[in-house]
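Asker: Sending over a structure as structure tokens; questions will come in a sec.
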Amino acid sequence: MKQQLHAVRGMNDVVPPVTSRWQALEGRVRAVLARYGYREIRLPIVENTGVFERSIGDATDIVQKEMYTFADRNGDSLSLRPEGTAGCVRAALENGLLQQPAQRLWYQGPMFRHERPQKGRYRQFHQIGVEAYGLPGPDIDAELILMTARIWRELGLQGLRLEVNTLGSAAEREAYRDSLHAYFTLHLDRLDEDSKVRLARNPLRILDSKNPDLKPIIADAPRPSEFLAAESLAHFKFVCDALTAGGVAYRINPHLVRGLDYYARTVFEWITATLGAQGTVCAGGRYDGLIELMGGRPTPAIGFAMGLERLLELLEQQAGTGETAEAELYVISAGDDYAIDALVLAERLRDDFPQACTVCHCGGGSLKAQLKRADRAGALAALIIGTDEHATGTVTLKPLRGQADQSRVTQGDLAAALAPILGSQRC
Ligand code: HAM
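Just add 347 to wherever you are in the sequence shown, counting from 1, and you've got this note's numbering.
Here it is, written out as structure tokens:
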């Protein structure tokens, strides 16, 4: 017997009917982004490895441990994208998009990280990400966060908590980093192995440690605010004031540092308590130095990405699956002789009800079996054509939900008879 083939661990198929939940989520998020003037950019899934090393940072977990990196047939080092920001900057530079004073872009698609898979953490996961280029002021920081809050409202999501922080300008961040290095070096004997590695690579990441034993030293560590000059303080104050004015509650978390090296100034995360350890559904921040680091002119930039798997899980917890039916109208031929009548009728129904999902049975079978299939597909009504219907130019209309009886309808009256059954439901 041949051995069965399996998907790669941590990489999941999305199959019907669950696909309809993805489509609904993606559609609703995209609609909000469009209302704020964001336009789609489509990026390759694979980039030269240097694109990620230079941007995300050589010393980060993502680059050190999690990238799917391989040599292609020419021996070039390529990587599956672990996130979208680096590729988006590369593409914006390469396509001259940064010559415009401001660019608002969004992308969506799979990202790849070789992490230990668990609920909410996958090796292939999906993000919708947003990047805004060329806007230096705190107004765009605030607008981005207000936009995420609107997305949660429009999705009907509750209980998401916003954490914000500022890492200061690149120079301030460096000074902060040095002071953290000095502080944690003083407490070296109390650090765990993981934190010792982080100390050497990027001491800011120790603040992210989940080890409860480290909590007291982390609590006493220097805070970024101690290193901020007036300009950075004013920038952050504007963001906080705008959130308050916009009715978005937040908490300043001085230890929010993010796991990618490119951030400076505003950073934020939206977190839920109901998804366990993988509770961050959306995260981002400002990365003013990255475009220059990647070979462009100094250009301010900010963005975020949301994890679709986590949002879908949360939506399911709060609003049910919302899966749409496989069919609304189901066309049946009672006998093989009427298969063509059924196909033609289904075409006419698609003309009359362009928003409805009409499935023609196809494949034959007894009337009983076809009706069973229609029911299982979740259809609102079955439309049957057999000998009598063919002879008289009629259709048998059998409502499948509710109390209404089956009736015989002329083809001319069919649209009027179906309208109340279809109502506002559309798949
Ligand atoms: P990130 O925090 O690495 O940021 O990822 C953003 C979101 O992607 C997370 O909050 C989470 O919802 C989701 N996510 C990340 N890793 C996984 C995983 N292994 N499985 C499932 N979901 C995951 C970025 O990627 C930045 N590029 C965001 C950004 C855009 N910053 C500025 N612009």
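Quick reminder that beta carbons are idealized off the backbone N, C-alpha and C, glycines included.
What you are looking at is a predicted structure, and each value in this text was computed from that prediction instead of being measured.
#1: Mind pulling the beta strand (DSSP E) runs of 3 or more residues that sit fully within the stretch 616-691?
#2: Using a threshold of 7 Å, is the CB atom of phenylalanine 574 nearer than that to any non-hydrogen atom of the ligand COA?
#3: Got a sec: does the ligand HAM put a non-hydrogen atom nearer than 7 Å to the Cβ of glutamate 394?
#4: What does the alpha-carbon distance come out to for the pair glycine 642 and glutamine 450?
#5: For alanine 496, which residues from the same chain have a beta carbon less than 7 Å from its beta carbon, with the 5 sequence-adjacent residues on both sides left out?
#6: Can you tell me which residues form a DSSP beta bridge with proline 746?
#7: Using three-state DSSP, classify valine 706 as helix, strand or coil.
#8: Quick one: is the Cβ of cysteine 629 within less than 7 Å of any heavy atom of the ligand HAM?
#9: Are the CB atoms of aspartate 688 and histidine 737 within a distance shorter than 8 Å?
#10: For arginine 773 and glutamate 675, I'd like the C-alpha separation in whole angstroms.
#11: Any idea if histidine 708 is buried or exposed, counting beta-carbon neighbours within 10 angstroms, 16 or more meaning buried?
#12: DSSP three-state label for alanine 568, please.
#13: Which class does serine 402 belong to by DSSP, given the choice of helix, strand or coil?
#14: Please decide whether isoleucine 564 counts as near chain C, where near means a Cβ-Cβ distance under 8 Å.
#15: Does DSSP put serine 771 in a helix, in a strand, or in coil?
#16: Looking at C-alpha atoms only, which residue of Pro563, Thr366, Glu462 is the closest neighbour of leucine 538?
#17: Is there at least one non-hydrogen atom of the ligand HAM closer than 7 Å to the beta-carbon of arginine 657?
#18: Using the Cβ count rule (16 or more neighbours within 10 Å means buried), how would you classify alanine 438?
#19: Please confirm if the stretch 703-723 is in contact with the stretch 644-660, defined as three or more CB-CB distances below 8 Å between the two stretches.
#20: So, at 8 Å on beta carbons, what are the nonlocal neighbours of tryptophan 453 in its own chain, with the 5 sequence-adjacent residues on each side left out?
#21: Do arginine 545 and valine 604 have their CB atoms nearer than 8 Å?
#22: For the stretch 351-366 against the stretch 478-495, do three or more pairs of beta-carbon atoms, one drawn from each stretch, fall closer than 8 Å, so that the two count as touching?
#23: Can we count methionine 414 as close to the ligand HAM, meaning its CB is less than 7 Å from some heavy atom?
#24: Of the residues Arg644, Gly632, Ile409, Ala729, which one's Cα is nearest the Cα of tyrosine 677?
#25: Near serine 572, which residues of its chain fall below 7 Å by C-beta distance, leaving aside the five closest residues on each side in sequence?
#26: So what does DSSP say about glycine 456, is it helix, strand or coil?
#27: What is the DSSP secondary structure of alanine 449, reduced to helix, strand or coil?
#28: Whole angstroms are fine: how far does the CA of alanine 766 sit from the CA of glutamine 447?
#29: Taking the straight line between their C-alpha atoms, what separation do you get for alanine 751 and glycine 770?
#30: What do you reckon, is the C-beta of aspartate 432 under 7 Å from a heavy atom of the ligand HAM?
#31: If you follow the alpha helix (DSSP H) that glutamate 315 is part of, which residue opens it and which one closes it?
#32: Helix, strand or coil for phenylalanine 417? Go by DSSP, reduced to three states.
Answerer: The short version:
#1: 627-633, 648-654, 676-680
#2: This structure lacks the ligand COA; the ligands present are the ligand HAM.
#3: It does not: the Cβ of glutamate 394 is nowhere closer than 7 Å to a heavy atom of the ligand HAM.
#4: If you draw a straight line from the Cα of glycine 642 to the Cα of glutamine 450, it comes to about 18 Å.
#5: Val595
#6: Ala728
#7: strand
#8: Yes, the beta carbon of cysteine 629 sits closer than 7 Å to at least one heavy atom of the ligand HAM.
#9: yes
#10: Because the pLDDT of arginine 773 is 49, which lies under 50, any placement of that residue in the model is unreliable, and the number read from its coordinates should be weighed accordingly. Approximately 7 Å, taken between the alpha carbons.
#11: Buried, since its Cβ has 16 or more Cβ neighbours within 10 Å.
#12: coil
#13: Residue state, collapsed to three classes: helix.
#14: Checking the listed chains, one finds no chain C in this structure; it contains a single protein chain.
#15: A caution first: serine 771 carries a pLDDT of 49, below 50, which makes its placement in the model too unreliable to give a value.
#16: Ranking Pro563, Thr366, Glu462 by Cα distance to leucine 538 puts Pro563 first.
#17: yes
#18: Buried, since its Cβ has 16 or more Cβ neighbours within 10 Å.
#19: no
#20: The residues are Arg377, Leu380, Tyr385, Arg386, Glu387, Ile388, Ile475, Gly476, Val477, Glu478.
#21: no
#22: Contact fails: fewer than three Cβ-Cβ distances are below 8 Å.
#23: Remark: the C-beta of methionine 414 is outside contact range of the ligand HAM, defined as less than 7 Å to any heavy atom.
#24: For tyrosine 677, the nearest C-alpha among the options comes from Ala729.
#25: Pro601
#26: strand
#27: Collapsing the DSSP output to three states places alanine 449 in coil.
#28: 49 Å
#29: Rounded to the nearest angstrom, the two C-alpha atoms are 14 Å apart.
#30: For the sequence presented, residue 432 should be read as threonine rather than aspartate. Yes, Cβ of threonine 432 sits closer than 7 Å to a heavy atom of the ligand HAM.
#31: Lying before the first or after the last residue shown, residue 315 is absent from the chain, which here runs from 348 to 774.
#32: strand
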